[in-house]
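Sequence order for the protein chains is Y and B.
Remember, my numbering sits 412 above the position in the first sequence when you count from 1.
Remember, my numbering sits 799 above the position in the second sequence when you count from 1.
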Amino acid sequence: MSAAVTPRAVANKSDRRTLVKAIRLALGLESAAVRHNTQTFNRNRYRAVAALPDYDALKDEARGIKERAIANLPALLEQLRDSITAPGGHFFLARDAAQARDYIRDVLLRHHARLVVKGKSMTSEEVRLNRELERAGIEVAETDLAEFILQVADEQPSHVIAPAIHYSRERITALFKRTFETGLPLDTGEDLTRFARERLREKFLAADAGITGANLIAAADGSLMLVESEGNIRMTCLCPPLHIAIAGVEKVVPSRAEFGPFVELLAASGTGQPLSSYTSFLRPPIEAPPFAFRGQTKHPREFHLVLVDNGRFSMRDDPVLREALYCIRCSACLNSCANFQTVGGHAFGGETYSGGIGGSWEAGTGTLENARFNELCTGCSRCVPQCPVRIDIPWLNDNLRDRLNQRERSLLSEVIAGLVPPPDHRARLPKLFFANYHVFAALGTRLAPLSNWIGRLPLSRLLMEKTVGLDRRRELPAFPSRPLTRLAASVRRVSDPRAKVALLADVYSNYGDARKPLAVIRVLQAAGVDVTVTACLPEGRAALSQGMIATARAHAAKTAALLKDYLAEGRDIVVIEPSALAMLRRDYRHLLDNAELVALLRERSFEPLQYVWKLLSEAQADPRELFQVERFAPGPRLFYHSHCQQKTIGAAPATEALLRAVGFEVATSSVECCGMAGSFGYKKDYYELSMAVGEDLFQQVALAEQDGARTLVASGVSCIDQLRAGTRRPVLHPAEVLAGTLA
Amino acid sequence: MSAPPAVSSLVEEFERAAIATVATVERIPRSPEALNQALVRATAGCERIIFAEPEGLPAGLLAVFRADPRLIANPTDDQLSSAQAGVTEAFAAIARTGSICVRLRGMTAAASLLAPLHVALLRAENIVARPRDLFAAGAVGLAQDFVFITGPSATADMGPLVRGVHGPHRLHVIILE
């Protein structure tokens, strides 16, 4: 029997096979607890931020504070040094992890410290502090209960604010029973908490020193802001006479006045509470007199602030990684991520940091290869509206991938040099395939139905799996006998139109099931819209998702040039595939230099039903005059799953509103993403994960159908494929449903 | 500009929010007898109580309670860490979140943290609408060490949500109207 894989053994995922191993480990052992806990955080966050009356303004304010603080960082650090040393504190700027470890170890050894209590600090994890102190003979007691569990289990954190989020109560009980000899019961959350509390209370009272992190630091007076719910950080700061705080340099802001928006955003975005139990504002050494419990000698209070660079100043000079320095470590991007919800940070994470933002942190404080786990970011973008400092996390991951692609060396890259914009030719074959799907789709459509027949042969599937990593278990979409652009020749003109649009022949609609785009055209025409179909061009999504940014730029430039002419003749742009639409609305700002055109495309591109809803609303027309629900043969009960990127760009509510206004009874999914996420779920390495993510959606279908069957409806091509795979039933696009209500 | 919310509506909002955090809240008239009765009720069953003398309340208001024999005068550090209740002042509170703000100096840091029960005395007029209002320039006490306390200490690290971890298991707020 082979030894069981431990989380530590797969913490470093610079090798792709380790990533696959880690996914398997997490899906087997950790998924249920991670799913339950992250989804609870996620629901609570939606509730908490909805209660903030000026949530968007707070985010802008927080973002502005961080941008300015990082810009002025050197000056702020000088000011902070004076603020700490003036009242007798000690300030140390550690250039790297080793300097931070050595400094703290030496301070503790100078004080003859034998026992240190610690509050949760990701920065101390990053610099591997515990190992160093233990080597020096100092006992380290982690006092955050999650860190306590991890210390017992010898595992790395799997979540930035709830490091043991992957542990169920049952697993903690088993772990403690294995580890501790105690007469105390350990069978409920209360039991376990009491056991840990009593054990740790002894440590607090006996500790020679306390080590904490800091959520924010004020340069003007050296104040720390510390957020927690258990009281262990307060104990760590209060009980022992020596306090050492360790934090990354990016935590510094000008003054306590700048703490304001973060106080309101941090807990709401993280645990989803209005505030955590304790938010402390301390200017150490603290005012409270020092203690000496149980006959110890009383020592005056002493404070050391250890600020860690460890790559952060290089991140500051990097236009992409600089964004990560704005991160306040709230975990909203982890909790809102469907993949993270399913496997947690031991798969979707590195040695210290995890989740969507984690790749940038691992790359910035470690090596680029450590960020390979960012492959689990599907670019679904659900984290983007949740980030309190407005970091475009998928864009950071696109860039990490781009940089990783460029480190690949293969014979293939020499062969195809010239076919793909440099330096994208260095990408591995599967990435080249998925990024250039339009080439294969065009060929497949030309050769259909022969290509569909060949595509279904077991041998072809085996070959495709071996060469480009396309999982054999996935049913491939059939190529149509004629692409949309050919069918479009027969699209009739609408006379005296209410509006005119250009329907982008996106790759997936053009080379996919023709019923969908034809239904879109019928629905638009019924609403009085004159439709013309554009040429088929890849808009750049496929390339961007593989981290082939040069290719994505080239695709974006061509598409923008094509659409510009339609805009000039007064046509709005309608895009069927939400991921393609999101390129126009969200991603082109990163890819195109022409800011005016980017803004124009953002404002004048629409999802089909969103466009119809907009027109009807503007005209104050009753949709029921156009669309008669009684005509839809399968009946008025629908289950609708909107696409992740469609949600992020705000194009989902209109579809639901229109369907309801027409008279449909619509049950909706509440999952962030279906799990297919473009090409992600087709890949062999990620098939199991993709299906596990989809499980939530499939269960919601079952739940919504307890009182009777519903027609399944989804807007994204990959959502449709995923729902079909999970339910073995037909799935319609909303436009097909509406087309079914027309005379 | 809209007028600042009336004290009474802030008190009500605070009370609702604090109860949602599983704190208990009591509103009493501002008299030594009423305050003493409230404190005796809140600390029922406690034999050793740490009392951190408030700075922002008239000394006379606590004249009766100060004579309570359960209070430990000049506690040693070991007595601080083994008391059953701590009584402190809250210099401010936040209506939206149900949080109280406690200045951490002298004995208040220990009295608000080490015992299983924390009882806080709050003047109704010191409740503000939201956290950021306290950060407005000139707010009292903000240059010093203080803490926003929102309900009892809690954890979800051991599986289900458990209240009462390293900090107090119960938080009782007495609002002086």
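Positions of the beta carbon are idealized from the N, C-alpha and C atoms, including for glycine.
Heavy atom of the ligand GTP within 7 Å of residue i beta-carbon
i         : result
Y/Val1105 : Of ligands this structure carries none, so the ligand GTP is not represented either.
C-alpha gap between residue i and residue j, whole angstroms
i         : j         : result
Y/Pro800  : Y/Ile740  : 8 Å
B/Ala892  : Y/His1053 : 43 Å
Y/Ala506  : B/Leu861  : 50 Å
Y/Arg1001 : Y/Gln1022 : 22 Å
Y/Arg695  : Y/Glu1030 : 57 Å
B/Ala953  : Y/Thr452  : 16 Å
Y/Arg873  : Y/Leu862  : 15 Å
Y/Met413  : Y/Thr683  : Per-residue confidence for Y/Met413 stands at a pLDDT of 39, beneath the threshold of 50, marking its modelled position as unreliable; no derived number is given.
B/Glu854  : B/Leu921  : 12 Å
Y/Val446  : Y/Glu567  : 15 Å
Y/Ala860  : Y/Ser991  : 25 Å
B/His917  : Y/Leu636  : 24 Å
Y/Ile400  : Y/Ala704  : Nothing in the structure corresponds to residue 400 of chain Y, since chain Y is present only between 413 and 1155.
Y/Leu437  : Y/Leu855  : 39 Å
Y/Asp925  : Y/Arg868  : 17 Å
Y/Pro806  : Y/Cys792  : 8 Å
Y/Leu464  : Y/Val1010 : 31 Å
Y/Ser902  : Y/Val1149 : 22 Å
Y/Gly757  : Y/Ala434  : 10 Å
Y/Asn848  : Y/Pro950  : 8 Å
B/Ala955  : Y/Arg526  : 30 Å
Of the listed residues the options, nearest to residue i (C-alpha basis)
i         : options                                      : result
Y/Ser570  : Y/Pro702, Y/Tyr1000, Y/Asn627 and Y/Val755   : Y/Val755
B/Arg962  : B/Pro951, B/Arg840, B/Pro915 and B/His971    : B/Pro951
Y/Glu1084 : Y/Ala421, Y/Tyr458, Y/Val417 and Y/Lys425    : Y/Tyr458
Y/Gly1152 : Y/Gly1047, Y/Pro1142, Y/Phe504 and Y/Ala1126 : Y/Gly1047
B/Pro857  : B/Leu870, B/Arg869, B/Ser830 and B/Leu838    : B/Ser830
Y/Ala853  : Y/Ser893, Y/Cys795 and Y/Glu544              : Y/Ser893
Y/Lys530  : Y/Ala512, Y/Glu559, Y/Leu587 and Y/Arg420    : Y/Glu559
Y/Glu551  : Y/Leu562, Y/Asp620, Y/His850 and Y/Phe607    : Y/Asp620
Y/Gly625  : Y/Gly634, Y/Lys615, Y/Leu638 and Y/Ala631    : Y/Leu638
B/Val886  : B/Arg895, B/Gly905 and B/Asp877              : B/Gly905
Y/Phe1092 : Y/Ser495, Y/Asp908, Y/Thr790 and Y/Ser907    : Y/Thr790
Y/Glu640  : B/Leu975, B/Val918, B/Phe890 and B/Val946    : B/Val946
Y/Ile516  : Y/Arg543, Y/Ser495 and Y/Pro499              : Y/Arg543
B/Leu912  : B/Thr896, B/Arg929 and B/Ile848              : B/Ile848
Y/Leu1057 : Y/His711, Y/Ala829 and Y/Arg953              : In the sequence as presented, Leu is not what sits at residue 1057 of chain Y; that position holds Gln. Among Y/His711, Y/Ala829 and Y/Arg953, the Cα nearest to that of Y/Gln1057 belongs to Y/Arg953.
Y/Lys844  : Y/Thr779, Y/Leu882, Y/Arg858 and Y/Asn864    : Note that residue 844 of chain Y is Leu in the sequence shown, not Lys. Comparing Cα positions, the closest option is Y/Leu882.
Y/Val827  : Y/Pro833, Y/Arg819, Y/His837 and Y/Glu820    : Y/His837
Burial state of residue i (16 or more Cβ within 10 Å)
i         : result
Y/Ala1064 : buried
Y/Trp1025 : buried
Y/Glu537  : buried
Y/Thr497  : exposed
Y/Val1178 : A question about residue 1178 of chain Y goes unanswered here, because the residues of chain Y that appear run from 413 up to 1155.
B/Leu970  : buried
B/Glu924  : exposed
Y/Lys532  : buried
Y/Val941  : buried
Y/Lys1059 : buried
B/Glu888  : buried
Y/Ser822  : exposed
Y/His1145 : buried
B/Ala890  : The displayed chain sequence assigns Phe, not Ala, to residue 890 of chain B. Per the 10 Å Cβ criterion, buried.
Cβ distance (whole Å) where residue i is taken to contact residue j below 8 Å
i         : j         : result
Y/Asn1147 : Y/Pro1035 : Position check: residue 1147 of chain Y holds Ala in this sequence, whereas Asn was assumed. Not quite, the Cβ-Cβ distance comes to about 14 Å (not below 8 Å), so this is no contact.
Y/Ile584  : B/Gly958  : 7 Å
Y/Asn809  : Y/Asn424  : Actually they are not in contact, since the Cβ atoms of Y/Asn809 and Y/Asn424 sit about 18 Å apart, beyond 8 Å.
Y/Gly776  : Y/Met727  : 4 Å
> Which whole runs of the alpha helix (DSSP H) in the stretch 419–469 of chain Y are 4 residues long or more, in chain order?
Replying inline: 428–437 and 443–462
> Mind pulling the alpha helix (DSSP H) runs of 4 or more residues that sit fully within the stretch 996–1042 of chain Y?
Replying inline: 1000–1003, 1007–1016, 1020–1030 and 1035–1038
>> For the stretch 943–956 of chain B, list every residue whose C-beta sits within 9 Å of some C-beta in chain A, in sequence order.
In response: Looking for chain A here will not work: the only protein chains present are Y and B.
> Curious, which full-length beta strand (DSSP E) runs of at least 3 residues does the stretch 1095–1131 of chain Y contain?
Replying inline: 1123–1126
> Taking the runs of the beta strand (DSSP E) that are 3 residues or longer, which of them lie wholly in the stretch 1058–1094 of chain Y?
Replying inline: 1077–1080
>> Quick check on the DSSP output: what are the complete alpha helix (DSSP H) runs of length 4 or more inside the stretch 615–685 of chain Y, in order along the chain?
In response: 644–650 and 671–681
> Whole beta strand (DSSP E) runs in the stretch 518–582 of chain Y with 3 or more residues, listed along the chain?
Replying inline: 527–530 and 551–554
> Which ranges would you report for the alpha helix (DSSP H) in the stretch 823–882 of chain B if only whole runs of at least 4 residues count?
Replying inline: 831–841 and 876–881
> Mind pulling the beta strand (DSSP E) runs of 3 or more residues that sit fully within the stretch 468–514 of chain Y?
Replying inline: 502–506
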